[in-house]
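Trainee: Structure incoming, see below.
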Amino acid sequence: MRMVFRWFGEGNDLIPLEHVKQIPGVEGIVWALHDIPVGEEWPFDRIEEVKEQADLHGFNIDVVESVNIHEDIKLGLPSRDQYIENYKRTIEKLSQVGVKVICYNFMPVFDWTRTDLFKELEDGSTALFFENEKIKDIDPLELVKEISSNFTQTMPGWEPERLKYLTKLFELYQEVTEEDLWNNLQYFLEQIIPVAEENNIKMAIHPDDPPFSVFSLPRIIINKENIERFLKLVDHPANGLTLCSGSLGANLNNNVAEMVREFADRIHFAHIRNVKTYENGDFIETSHRSSDGSVDILSIMKAYHDIGFTGYARPDHGRHIWDEKCRPGYGLYDRGLGIMYLWGIWDSLERMKKEEV
Ligand code: DNO
Ligand code: MN
Numbered sequence: 001m002r003m004v005f006r007w008f009g010e011g012n013d014l015i016p017l018e019h020v021k022q023i024p025g026v027e028g029i030v031w032a033l034h035d036i037p038v039g040e041e042w043p044f045d046r047i048e049e050v051k052e053q054a055d056l057h058g059f060n061i062d063v064v065e066s067v068n069i070h071e072d073i074k075l076g077l078p079s080r081d082q083y084i085e086n087y088k089r090t091i092e093k094l095s096q097v098g099v100k101v102i103c104y105n106f107m108p109v110f111d112w113t114r115t116d117l118f119k120e121l122e123d124g125s126t127a128l129f130f131e132n133e134k135i136k137d138i139d140p141l142e143l144v145k146e147i148s149s150n151f152t153q154t155m156p157g158w159e160p161e162r163l164k165y166l167t168k169l170f171e172l173y174q175e176v177t178e179e180d181l182w183n184n185l186q187y188f189l190e191q192i193i194p195v196a197e198e199n200n201i202k203m204a205i206h207p208d209d210p211p212f213s214v215f216s217l218p219r220i221i222i223n224k225e226n227i228e229r230f231l232k233l234v235d236h237p238a239n240g241l242t243l244c245s246g247s248l249g250a251n252l253n254n255n256v257a258e259m260v261r262e263f264a265d266r267i268h269f270a271h272i273r274n275v276k277t278y279e280n281g282d283f284i285e286t287s288h289r290s291s292d293g294s295v296d297i298l299s300i301m302k303a304y305h306d307i308g309f310t311g312y313a314r315p316d317h318g319r320h321i322w323d324e325k326c327r328p329g330y331g332l333y334d335r336g337l338g339i340m341y342l343w344g345i346w347d348s349l350e351r352m353k354k355e356e357v
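Residue numbers for the sequence shown follow UniProt numbering, beginning at 1 and rising by one.
Rendered as structure tokens:
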């Protein structure tokens with residue numbers, strides 16, 4: 001397991017890389033050019049700039065999260081071909097600086113969806129929260145306004161240039177069924193995977209978050225059956241997964257440890273976090289500890305260990321603790337604690353394995 005840490009870039013992330021360096025066992029940053037509009041080709045000098053910053057701290061830049069997919073590709077519009085070409089050029093450039101994994105998602109309109117970014121937990125910390133009833137009643141535009149008024153930095157997936165087109169996008173998606181979305185994903189993959197392979201890059205789709213339809217938008221990367229279907233769309237190692245325990249875990253029927261075993265050789269990137277899910281469909285993000293949420297992080301780590309996982313892993317969202325002023329879900333402290341929990345489990349498993357021999 002190769003531990004990495006998501007970092008939003010110089011001037012865009014409040015956490016200095018010096019501090020990330022103080023978390024044990026982190027070898028790389030998970031990065032992106034967050035200010036480049038979705039669909040555009042990434043400029044090579046900007047990519048090199050990130051490499052230089054990472055080099056200064058001895059971090060690798062092997063994992064990019066995310067090169068986002070333009071809506072026209074998801075919608076299957078004729079203009080998608082140009083955006084797919086841009087995506088290919090970006091893959092080629094990323095490969096030149098040694099990138100190995102590209103995380104992306106295929107969720108219509110929104111990346112993750114929550115109703116509250118700072119919901120208080122019993123211990124006074126706050127975390128991202130999803131309230132099922134609220135989602136049913138609220139107009140998506142209202143939610144976006146409410147959510148965006150709570151933070152000043154741009155959140156990936158919630159970029160202003162995308163949100164301006166929200167009403168139009170919703171209209172366009174009215175015509176798109178789940179089957180259409182599958183076809184549009186296949187069209188994208190059939191063009192992208194050969195380029196990824198040539199460039200020694202693994203594509204790693206992130207599951208939908210939450211793993212069910214929100215605002216009547218189609219959602220497809222949501223459970224084991226659908227992931228099986230996804231992997232067969234282009235049955236090649238370069239067409240792989242970012243297995244996110246917290247996203248999938250928001251559906252209590254998803255057994256993430258089982259998925260780790262089943263999809264072992266196609267998991268290129270592991271997102272590890274916990275959520276507490278309630279019967280009414282609400283869920284809140286918790287600490288990484290197994291006993292704090294509904295996702296059995298211990299079994300998941302055991303599964304990764306059993307398959308001999310050598311891919312990249314990162315702690316996913318954390319809570320906001322110790323009065324840290326941070327980007328929702330992406331503070332330093334709780335993700336640092338998360339990493340130590342994950343290493344604690346991993347090291348124990350390693351030691352036990354050695355002692356067995
Ligand atoms: C949620 C997070 C996501 C993720 C993107 C990947 O679990 O990991 O925001 O970054 O969906 O494209
Ligand atoms: Mn994730």
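We treat Cβ as the ideally placed atom computed from N, Cα and C, and that holds for glycine.
(1) DSSP has Arg6 in a bridge; who is on the other side?
(2) Skipping 5 residues on each side, what residues in its chain have a beta carbon closer than 6 Å to that of Ser290?
(3) Please classify Lys202: does DSSP put it in a helix, a strand, or coil?
(4) Which residues does DSSP pair with Ala313 in a beta bridge?
(5) Where does the unbroken beta strand (DSSP E) through Ile284 begin, and where does it stop?
(6) Which of helix, strand or coil does DSSP assign to Glu120?
(7) At which residues does the alpha helix (DSSP H) containing Ile227 begin and terminate?
(8) Is it right to say His317 is buried, meaning 16 or more other beta carbons lie within 10 angstroms of its own, or is it exposed?
(9) Is it the case that the CB of Ser125 approaches a heavy atom of ligand 1 more closely than 6 Å?
(10) Apply the 10 Å Cβ neighbour rule to Leu252 and answer buried if 16 or more other Cβ atoms are within range, or exposed otherwise.
(11) Less than 7 Å between the C-beta atoms of Tyr173 and Pro108, yes or no?
(12) Give the straight-line distance between the Cα atoms of Ile267 and Asn200, rounded to the nearest whole angstrom.
(13) Ignore the nearest five residues each way along the sequence and tell me which others in Asp116's own chain have a CB closer than 6 Å to its CB.
(14) Let me make sure I understand the geometry here. Which of Leu241, His57, Phe106 and Pro43 has the alpha-carbon closest to that of Asn183?
(15) Strictly closer than 5 Å from CB to any heavy atom of ligand 2: give me those residues in the order they appear in the chain.
(16) Would you grab the beta carbon distance between Cys103 and Thr286 for me? Rounded to a whole angstrom, and I think it's under 8 Å.
(17) What residue from Ile192, His288, Gly308 and Pro328 has the CA that sits closest to Arg314's CA?
(18) Do we get a CB-CB distance below 7 Å when we pair Phe130 with the residues of chain B?
(19) Taking its Cβ as the centre, do 16 or more other Cβ atoms sit within 10 Å of Arg46, making it buried, or is it exposed?
(20) Going by beta carbon distance, what residues of the same chain come within less than 8 Å of Met259, once the five residues before and after it are set aside?
(21) Determine the burial state of residue 393: buried for a count of at least 16 other Cβ atoms within 10 Å of its Cβ, exposed for fewer.
(22) To which residues of the same chain is Phe188 closer than 6 Å at the C-beta, ignoring the five residues directly before and after it?
(23) Give a single yes or no on whether Ser148 has its beta carbon closer than 6 Å to a heavy atom of ligand 1.
(24) State the beta-bridge partners of His320 as determined by DSSP.
(25) Can you have a look at Gly11 and say buried or exposed, based on whether 16 or more other CB atoms are within 10 angstroms of its CB?
(26) Considering only residues of the same chain and omitting the five flanking positions on each side of Trp42, which have a CB-CB separation below 7 Å?
(27) Short of 8 Å in beta carbon distance, which residues of its chain neighbour Arg261, apart from the five on each side in sequence? Order them along the chain.
(28) Using only CA atoms, which one of Gly240, Lys354, Glu279 and Ser216 lies nearest to His206?
(29) Under three-state DSSP, which class holds Thr277?
(30) Roughly how many whole angstroms lie between the Cα atoms of Leu75 and Phe170?
(31) Out of His57, Pro211, Glu279 and Ile192, which has the shortest C-alpha to C-alpha gap to Ala238?
(32) Among Asp208, Phe44, Lys134 and Pro78, which residue has its Cα nearest to the Cα of Gln96?
(33) Cα separation between Tyr341 and Ser79?
(34) Specify the secondary structure class of Trp77 as computed by DSSP and reduced to three states.
(35) For my contact list, Gly28 and Phe59 are in at a C-beta cut-off of 8 Å; report their separation, rounded to the angstrom.
(36) Have a look at Phe118, Glu122, Asp123 and Glu133 and flag the residue whose alpha-carbon is nearest the alpha-carbon of Ser148.
Mentor: According to the structure shown:
(1) Val30
(2) Asp296, Ile297 and Leu298
(3) strand
(4) Met3 and Ala270
(5) Phe283 to Glu285
(6) strand
(7) Lys224 to Leu233
(8) buried
(9) no
(10) exposed
(11) yes
(12) 15 Å
(13) Phe129
(14) Phe106
(15) Cys244, His271 and Asp316
(16) Cys103 to Thr286, Cβ: 23 Å. No contact.
(17) His288
(18) Considering every chain present, this structure includes no chain B. It has just one protein chain.
(19) exposed
(20) Lys224, Ile227, Leu243 and Leu248
(21) Here the chain comprises residues numbered 1 to 357, so residue 393 is not present and cannot be evaluated.
(22) Ile73
(23) no
(24) Thr126
(25) exposed
(26) Leu33, Ile36, Thr90 and Lys93
(27) Ala303, Asp306 and Ile307
(28) Gly240
(29) strand
(30) 11 Å
(31) Ile192
(32) Phe44
(33) 46 Å
(34) Note that residue 77 is Leu in the sequence shown here, rather than Trp. In this structure, Leu77 counts as coil in the three-state DSSP scheme.
(35) 5 Å
(36) Phe118
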